[in-house]
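>
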Amino acid sequence: MSLIIGRVWKYGNNINTDEIIPGKYLRSKDIQIFAAHAMEGIDPEFTKKFRFGDIIVAGTNFGCGSSREQAPLALKYAGVSCVIAKSFARIFFRNAINIGLPLIEVDIECQEGDKVKVDLAKGEVIVSDKDTFRGNKLPDFLLEILNDGGLVAHRKKLQRKKNKTIIPG
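Residues are numbered in the working numbering as their position in the sequence shown, beginning at 1, plus a constant of 1120.
#1: Could you tell me which residues DSSP puts in a beta bridge with Arg1127?
#2: Look up Phe1253 in the DSSP assignment and say whether it is helix, strand or coil.
#3: Taking Asp1234 and Val1247 to be in contact with their CB atoms under 8 Å, please state how far apart those CB atoms are, rounded to whole angstroms.
#4: Distance check for Pro1142 and Lys1242, CA to CA, integer angstroms please.
#5: DSSP three-state call for Ile1141: helix, strand or coil?
#6: If you measure from the beta carbon of Tyr1131 to each beta carbon in chain C, is any gap under 7 Å?
#7: In this structure, does DSSP put Ala1216 in helix, strand or coil?
#8: Going by beta carbon distance, what residues of the same chain come within less than 7 Å of Ser1187, once the five residues before and after it are set aside?
#9: List the residues that DSSP assigns as beta-bridge partners of Phe1182.
#10: For Asn1136, name the three-state secondary structure that DSSP assigns.
#11: What does Ile1224 pair with, by DSSP beta-bridge criteria?
#12: Our contact map puts Pro1222 next to Ser1201 with C-beta atoms below 8 Å; I'd like the distance itself, whole angstroms only.
#13: Going by alpha carbons, who is nearest to Ile1162 out of Leu1258, Phe1182, Glu1264?
#14: Classify Gly1220 as buried or exposed, calling it buried when 16 or more other Cβ atoms lie within 10 Å of its own Cβ.
#15: Report the residue from Asp1239, Ala1216, Lys1250 whose alpha carbon sits nearest the alpha carbon of Glu1229.
Printed below as a string of structure tokens:
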């Protein structure tokens, strides 16, 4: 995964999964419904002002609350290219990796609307082409899952590789 570049939408600490995708939408199985209501619990105008490829920057404990996998799905299908936070709730972190939503733990200083460049492989974020912040580099196996588009796609790729290496006897 190369550089992720986008405009910042900034939020605070303890953004929970109910704020990311309110519970009233969870009866749907339509991912586009989730996308249309992403961040509605904290920012009702989010999907109107957000542009595909923008980046969310938050404080500590992003994705806390229930373990609903619809929260990272809502962000991914709304067009969020990456979530940067000081820390993530562990289940949200793993759900995001599993569905192929890039994220990085790093404490950055930025303003809403700033342009940021995220290098997951290096574990760093560059704000407005001048300030570089280093955070936690994702382990190679998680980067590989993200590069493959999520856990299901990654497992399918591994299975295809395995099938190609079998030599009939």
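Idealized CB from N, CA, C, for every residue including glycine.
Values in this document were obtained by computation on a predicted structure and should not be read as measured data.
According to the structure data:
#1: Taking the sequence shown and counting its residues from 1, the one referred to as residue 1127 is at position 7. Beta-bridge pairing links Arg1127 to Lys1235.
#2: Sequence index remark: in the sequence shown, residue 1253 carries index 133 (1-based). If DSSP states are grouped into helix, strand and coil, Phe1253 belongs with the strands.
#3: Along the sequence shown, read from residue 1 onward, the residue named residue 1234 stands at position 114. Along the sequence shown, read from residue 1 onward, the residue named residue 1247 stands at position 127. About 6 Å separates the two Cβ atoms, so the contact holds.
#4: As a first step, residue 1242 must be located in the sequence shown, where it is residue number 122. As a first step, residue 1142 must be located in the sequence shown, where it is residue number 22. One alpha carbon belongs to Lys1242, the other to Pro1142, and they sit about 34 Å apart.
#5: Residue mapping note: residue 1141 aligns to position 21 of the sequence shown, counting from 1. Correct three-state label for Ile1141: coil.
#6: Absent from the structure is chain C; it holds one protein chain and no more.
#7: Working through the sequence shown from its first residue, we reach residue 1216 at position 96. In the structure shown, Ala1216 sits in a helix (DSSP, three-state: H, G or I).
#8: Counted from its first residue, the sequence shown places residue 1187 at position 67. Taken in chain order, the residues that qualify are Ile1211.
#9: Position 62 of the sequence shown, counted from the start, is the residue given in the question as residue 1182. Answer is Phe1208, bridged to Phe1182.
#10: As a working note, residue 1136 is residue 16 in the sequence shown. Here Asn1136 sits in strand by DSSP.
#11: The sequence position of residue 1224 within the sequence shown is 104, counting from 1. Partner residues in the beta bridge of Ile1224, as assigned by DSSP, are Ile1204.
#12: The residue you call residue 1222 lines up with position 102 of the sequence shown. The residue you call residue 1201 lines up with position 81 of the sequence shown. That belief holds up - the Cβ atoms of Pro1222 and Ser1201 are roughly 7 Å apart, short of 8 Å.
#13: The residue given as residue 1162 occupies position 42 in the sequence shown. Closest in C-alpha terms to Ile1162, from the list Leu1258, Phe1182, Glu1264, comes Phe1182.
#14: For the purposes of this step, residue 1220 is taken as residue 100 along the sequence shown, with counting starting at 1. Per the 10 Å Cβ criterion, buried.
#15: Position 109 of the sequence shown, counted from the first residue, corresponds to residue 1229. When only C-alpha atoms are compared, the closest one is Lys1250.
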